[in-house]
Amino acid sequence: MTGATLDAAVLNAVFDSAAEAMVVTDRYGRMLRVNAATLRMFGHKTEEILGASLSLLIPRGRSRRAVHDMQSYPAETILGAAGTEVEARRKDGSRFSAGLSVGRVTCEDGPLFVVILHDLTQRKAVERALERARRMESVGRLSGTLAHDFKNMLTVIIGNLELLERRIPPGAENELIQDALDAAQTGVDLTDSLMGFSRHRNLAPRRLDINAIVERGSALMRRSLGPDIDVTLQLAGELWPVKADASQLRSALINLVLNAQEAMPEGGRLMIRTENTEIDDAFLAQELDIQPGSYVRISVCDTGIGMDEETQLRAFEPLFTTKQKTGGMGLGLASVYGFALHSGGHATIYSEPGVGTTVSLYLPADEAAEQNRIAPQPAAGMGAGDGQVVLVVEDRPELRRSTLARLEALGYATLGAADTEEALALLGARPDIALVLTDLVIGEEPRGLALTERIRERFPHVRTLLATGCTQELHNPLRAGDADLQILHKPYRQIELAARLDHLLGRASA
Ligand SMILES: Nc1ncnc2c1ncn2[C@@H]1O[C@H](COP(=O)(O)OP(=O)(O)OP(=O)(O)O)[C@@H](O)[C@H]1O
Ligand SMILES: [Mg+2]
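Be aware that the sequence shown starts at 1, since it is given in UniProt numbering, and climbs by one per residue.
(1) Which residues end up in the neighbourhood of ligand 1 when you take C-beta atoms closer than 7 Å to any of its heavy atoms?
(2) By DSSP, does Gly448 sit in helix, in strand, or in coil?
(3) Check each candidate in Gly171, Thr25, Leu163 and Ala88 and name the one with the smallest Cα separation from Asp109.
(4) Only counting the same chain, and skipping five residues up and downstream in sequence, which positions put a Cβ closer than 6 Å to that of Asp366?
(5) Express the C-alpha separation of Glu421 and Leu313 in angstroms, rounding to a whole number.
(6) Please report the distance separating the alpha-carbon of Arg134 from that of Gly411.
(7) With a threshold of 6 Å on Cβ separation, who are the neighbours of Arg269 within its own chain once the five nearest residues in sequence on each side are excluded?
(8) Express the C-alpha separation of Asp182 and Arg297 in angstroms, rounding to a whole number.
(9) Taking 8 Å as the threshold (C-beta atoms), are Glu85 and Gly103 in contact?
(10) Buried or exposed: which applies to Asp16, given that a residue is buried once 16 or more other Cβ atoms fall within 10 Å of its Cβ?
(11) Please go through the same chain and pick out, in chain order, the residues whose beta-carbon is closer than 8 Å to the beta-carbon of Ile177, but skip the five residues on each side of it.
(12) Please determine if the region 128-144 and the region 321-328 are in contact, where contact requires at least 3 C-beta pairs separated by less than 8 Å.
(13) Does DSSP classify Met307 as helix, strand or coil?
(14) Considering only the beta carbon of each residue, do residue 525 and Thr274 sit closer than 8 Å?
(15) Under the rule that 16 or more other beta-carbon atoms within 10 Å means buried, what is Asn12, buried or exposed?
(16) Could you pull the DSSP bridge partners for Phe113 from this structure?
(17) Using only CA atoms, which one of Ala347, Thr452 and Val441 lies nearest to Phe316?
(18) Check this for me: beta carbons of Leu319 and Gly330, under 8 Å apart or not?
(19) So, with DSSP's three-state summary, where would you put Met41?
(20) May I have the straight-line CA-CA distance separating Pro378 from Gly385, to the nearest angstrom?
(21) Whole alpha helix (DSSP H) runs in the region 141-198 with 4 or more residues, listed along the chain?
(22) Cutting at 7 Å between CB atoms, please list the residues of its own chain near Ala18, excluding the five before and the five after it.
(23) Between Ser143 and Leu333, what straight-line distance do the alpha-carbon atoms span, to the nearest angstrom?
(24) Ends of the beta strand (DSSP E) at His489?
(25) Take the Cβ of Ala252 as the centre, count every other Cβ of all protein chains shown within 10 Å, and call the residue buried at 16 or more, exposed below.
(26) Express the C-alpha separation of Thr471 and Gly356 in angstroms, rounding to a whole number.
(27) In the DSSP assignment, find the beta strand (DSSP E) that holds Thr274 and state where it starts and stops.
(28) Measure the CB-CB distance between Ile433 and Leu440 and report whether it falls below 8 Å.
(29) If you reduce the DSSP assignment to three classes, tell me which class Met264 lands in.
(30) Might you give, ordered along the chain, the residues of its own chain that have their beta carbon closer than 6 Å to the beta carbon of Tyr337, omitting 5 neighbours on each side?
(31) Work out the CA separation of His489 and Val14 for me, nearest whole Å.
(32) Output the boundary residues of the alpha helix (DSSP H) element that contains His503.
(33) Leaving out five residues on either side along the sequence, give the residues of the same chain with a beta carbon under 8 Å from the beta carbon of Glu266.
(34) With a threshold of 8 Å on Cβ separation, who are the neighbours of Glu398 within its own chain once the five nearest residues in sequence on each side are excluded?
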């Protein structure tokens, strides 16, 4: 092989295997060649891209002008230079931030340009999470110090009131003192909540059976929530014990249930679910602040008003409330978050306005119990796809994209459909589809369920797996006859996904 052909072969390999989108354009920004990563990143087919202007991928309006004026790039190559940030657009219209570098190649027929785009979505998400963690920490420190000082002052006030009470002869004045004492005690309770958020509060961790605590608590909850709120429990069998403070856990549950009740003024459904869960690294990247390991997840789900994005971002902050009018203090979730953090765990919110909210607590499983447990086997199920074709039915493009990417990482070939008609058409055309992974809710209706039924009738060789979050299930309770449905509870981990597919497809081929 001559040096030149070797260079060309190496360059081709780099082009085809790069994770960055690489686009070769002429001096007018017309796209002449793209690599596989470009097709993946933008969702276009090759023929839609070739010959089109670069503005298909980087719309002109919102980006810096210079991006499209290829002539303005200097003669010397700038490949690998720190990228400018631009706004890129996928085929489905969704936008994302990308880092841009441009290299210039001088050819006989005029210059060519190599445009490299790096998807910054993940990095942005991590930056936002970090920013939030920093803010929580500083607010936590501040409120902890304040609460501590207040508590000292309240101690003096209560002490002196009690001395006074003893010195004054019984009479009307005693009532005044008693009122003042009650108010001071309320102040102490409040500062306790604030301190629960910061690190000042003492926890008395014991080994706890979470299911038992939830079950005992639920009788009381049912009574106080009244008949308009339907309470269900979904408690995992063989739940791992955790080490945590029992009374704090009870108070966290009460806070979550109260929030759910307040979010459902007209009534609704509430579910408390417990399950064992392993945190692996992919998950870790999304849910900052948690160590990999074994956790028990306790989720409180409701079919209430849900939260907008701003509320979701700030809900765990102490003193953040949208209930000023009804006297909300904004301390409920802060103390829940503080409790989870100080128990070595974490708390998360998943919410959709108008649909409902799920708040999950992750508490570390008790180490003593770990030895008796069958270790998870990430390697076994991972990458076992072997090119089998999985069709993903999900109406939200960003979710569909991430599910497709997760399946591809496991070695499956993938197809995507935005609705049930598209899915059925694809099933008709592609007899090689082995499994359909569908969301329960498509276009705000439980169409996934009907779809699995249709598939069973028309394509009995195709396996189905229904993905659903607990709020969705509350809106669309599955009937008893659906017992043989295969259900994947969201949010699911990569290893769970791998194991379920392996199981379903392994059995299918046996
Ligand atoms: N289940 C839920 N559904 C919808 N919004 C919720 C839910 N839980 C919490 N929120 C939102 O998060 C905010 C903060 O909740 P948090 O429990 O910390 O305070 P609060 O309920 O307003 O007051 P407090 O709990 O101190 O009485 C609430 O004001 C509300 O906007
Ligand atoms: Mg509350």
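No residue lacks a Cβ here, since even glycine has one placed at the ideal position from N, Cα and C.
Predicted model only: the values in this text are computed from it and were never measured.
Well, looking at it:
(1) Asn255, Leu258, Asn259, Ala260, Glu262, Ala263, Asp302, Gly304, Ile305, Gly306, Met307, Thr311, Ala315, Phe320, Thr321, Thr322, Lys323, Gly328, Met329, Gly330, Leu331, Gly332, Leu333, Ala334, Ser351, Thr357 and Val359
(2) helix
(3) Thr25
(4) Correct list, in chain order: Arg207, Pro241, Val242 and Lys243.
(5) Going by the C-alpha atoms only, they are around 36 Å apart.
(6) Going by the C-alpha atoms only, they are around 37 Å apart.
(7) Asp230, Thr303 and Leu474
(8) 37 Å
(9) Contact flag unset, no.
(10) exposed
(11) Excluding positions up to five away in sequence, the list reads Leu161, Leu164, Glu165 and Ile168.
(12) The count of Cβ pairs closer than 8 Å, one atom from the region 128-144 and one from the region 321-328, stays below three, leaving the stretches out of contact.
(13) coil
(14) In the structure displayed, the chain extends from 1 to 510; residue 525 sits before or after that span and is not available.
(15) exposed
(16) Thr25 and Arg104
(17) Taking only the C-alpha atoms, the option nearest Phe316 is Ala347.
(18) yes
(19) helix
(20) Here the model assigns Pro378 a pLDDT of 45, short of 50, so the residue's position is not dependable and the matter cannot be decided.
(21) 172-197
(22) So the qualifying residues of the chain are Asn35 and Ala37.
(23) Whole-angstrom Cα-Cα distance: 14 Å.
(24) Ile487 to His489
(25) buried
(26) 6 Å
(27) Gly268 to Ile279
(28) no
(29) coil
(30) Excluding residues within five positions, the ones whose Cβ falls inside 6 Å are Phe316 and Ala347.
(31) Between Val14 and His489, the alpha-carbon positions lie close to 39 Å from each other.
(32) Gln494 to Ser509
(33) Asp228
(34) Ser94
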